[in-house]
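**Q** Quick note: to get our numbering, add 37 to the position in the sequence shown (first position is 1). My structure is below; once you've seen it, I'll send some questions.
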Amino acid sequence: MIFAILKTAEGMRYKVEKLFSFVSIKDRYVPYYELSFVGLWELGNIRPTEVYFYSGTKLLHHGTIDKFEFFKHDGKEKISVYSRSFTAQLCLSQPMPQVLYNVTLDDIFGLLETFPNVTYTQNTIGAKYMCFKENGSIWDSICAYGIKAYNFYPYIAPQAKVCVTRPESVNTIVPSGSIIKLAHGGGDRGVLTDIYMLDLEEEYTYNVSLDINTFKRTKYIPLDKQWLTDPNVGLNYKINYYSKARNYYKILYTGYSKENLLDKINIYGKLREISRVKFFGTSKGVFTELTCYQDNFCENSENSEQV
38 MIFAILKTAE GMRYKVEKLF SFVSIKDRYV PYYELSFVGL WELGNIRPTE VYFYSGTKLL
98 HHGTIDKFEF FKHDGKEKIS VYSRSFTAQL CLSQPMPQVL YNVTLDDIFG LLETFPNVTY
158 TQNTIGAKYM CFKENGSIWD SICAYGIKAY NFYPYIAPQA KVCVTRPESV NTIVPSGSII
218 KLAHGGGDRG VLTDIYMLDL EEEYTYNVSL DINTFKRTKY IPLDKQWLTD PNVGLNYKIN
278 YYSKARNYYK ILYTGYSKEN LLDKINIYGK LREISRVKFF GTSKGVFTEL TCYQDNFCEN
338 SENSEQV
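See below:
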């Protein structure tokens, strides 16, 4: 059974048992989980602030409500909800501009008040230094830390946990229902071929390029003090970010197998790392769409296991 529970600021809880449609999304490059649904509502006017979304006893989503609306359609009173998980706070919160040395993830989270309902990887190693820049978010800092300390782009695990390393173990997913579609594709929208960065002498000495001959897209940027001692690492991070999700493999099937990001699934004869999970339901049933990105942050086809 799939249902939602709405919670008000006063702590009152209301169950939405009848859902007409829903979409639950988690993505390797989005620092929060997303949920939207339309359900039957016969409990009067309330002002919900949080939502819990369940499949049976498994909690799939818990987050703040960005938008809700009560409306009448087809003679029925309904409610629509859009929510993001609590890690969305990290995109809006900004630390005080400063430079710190031997910085761990504990240090980054300690720069501001405690983030409610957010956890993170414990006992991380220290990055040599971190430059917390003006107008930069906590999430920006976490991403830079992940690259500096572990050469790993962070992601969000269940229960709003920020992870800066790969999980120790993952599941190999076998779709619970029949496969509707297999696909692979990609695109170059947003991809840069060259990035040049100023040095301390205000010369564009630092640069990185992609081996692409079909088009040319060049960007010149000021000196980024976050990467002052490792400019090539910083530029590679930036150009890889512009190329993220450039290619992908995809599977759509009926049902749901409770996948997590970075679990593995066999697509086109290889075990590939899951980068995006879209679980959705309509009047036709429930479905899962899994996407495996092929880029320099996710495991690509060359590194995938042959099965």
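Think of the CB as a built atom: it goes at the ideal place given N, C-alpha and C, for glycine as much as any other residue.
1) So who's on the other strand from R309, going by DSSP bridges?
2) With the cut-off set at 7 Å, would you say I288 and L260 are in Cβ contact?
3) So, at 8 Å on beta carbons, what are the nonlocal neighbours of I216 in its own chain, with the 5 sequence-adjacent residues on each side left out?
4) Considering Cα atoms alone, identify which of F74, W78 and K95 is closest to D103.
5) For T151, which three-state DSSP category applies?
6) Starting from Q126 and walking both ways along the alpha helix (DSSP H), at which residues does that stretch end?
7) Measure the C-alpha to C-alpha separation of R283 and G48 and round it to an integer number of angstroms.
8) Quick one: any contact between the stretch 176-190 and the stretch 222-231, if contact means 3 or more CB pairs under 8 Å?
9) Can you tell me whether DSSP reads L327 as helix, strand or coil?
10) Which residue wins for smallest C-alpha separation from L169, given the options L148, T242 and F152?
11) Which residues does DSSP pair with S174 in a beta bridge?
12) Can you tell which of I276, V155 and I304 has its C-alpha closest to the C-alpha of A220?
13) Does the contact criterion of 3 or more C-beta pairs under 8 Å hold for the stretch 298-314 versus the stretch 272-279?
14) With a cut-off of 8 Å on the beta carbons, I'd call T158 and V201 a contact; round off their distance for me.
15) Using the rule of at least 16 other Cβ atoms within 10 Å of the residue's Cβ for burial, across every protein chain shown, is F108 buried or exposed?
**A** Reading from the atomic positions:
1) According to DSSP, R309 bridges with I302.
2) Their beta carbons are not under 7 Å apart, which means I288 does not touch L260 by this criterion.
3) In chain order, I288, L289 and Y290 place their CB closer than 8 Å to the CB of I216, counting only its own chain and leaving out the 5 sequence neighbours on each side.
4) Check the Cα spacing between D103 and each of F74, W78 and K95: the tightest is with F74.
5) Reduced to three states, the DSSP call for T151 is coil.
6) That run of the alpha helix (DSSP H) goes Q126 to L129.
7) Each residue's Cα considered, the two are about 44 Å apart.
8) The stretch 176-190 is not in contact with the stretch 222-231.
9) Assigned with DSSP and collapsed to three states, L327 falls in strand.
10) The sequence as given places Phe at residue 169; Leu does not occur at that position. Out of L148, T242 and F152, L148 has the C-alpha closest to the C-alpha of F169.
11) Paired residue(s): none; S174 is not in a bridge.
12) For the residues I276, V155 and I304, the minimum Cα distance to A220 belongs to I304.
13) Verdict: no, contact absent.
14) About 5 Å; that satisfies the 8 Å criterion.
15) With fewer than 16 Cβ atoms within 10 Å of its Cβ, F108 is classed as exposed.
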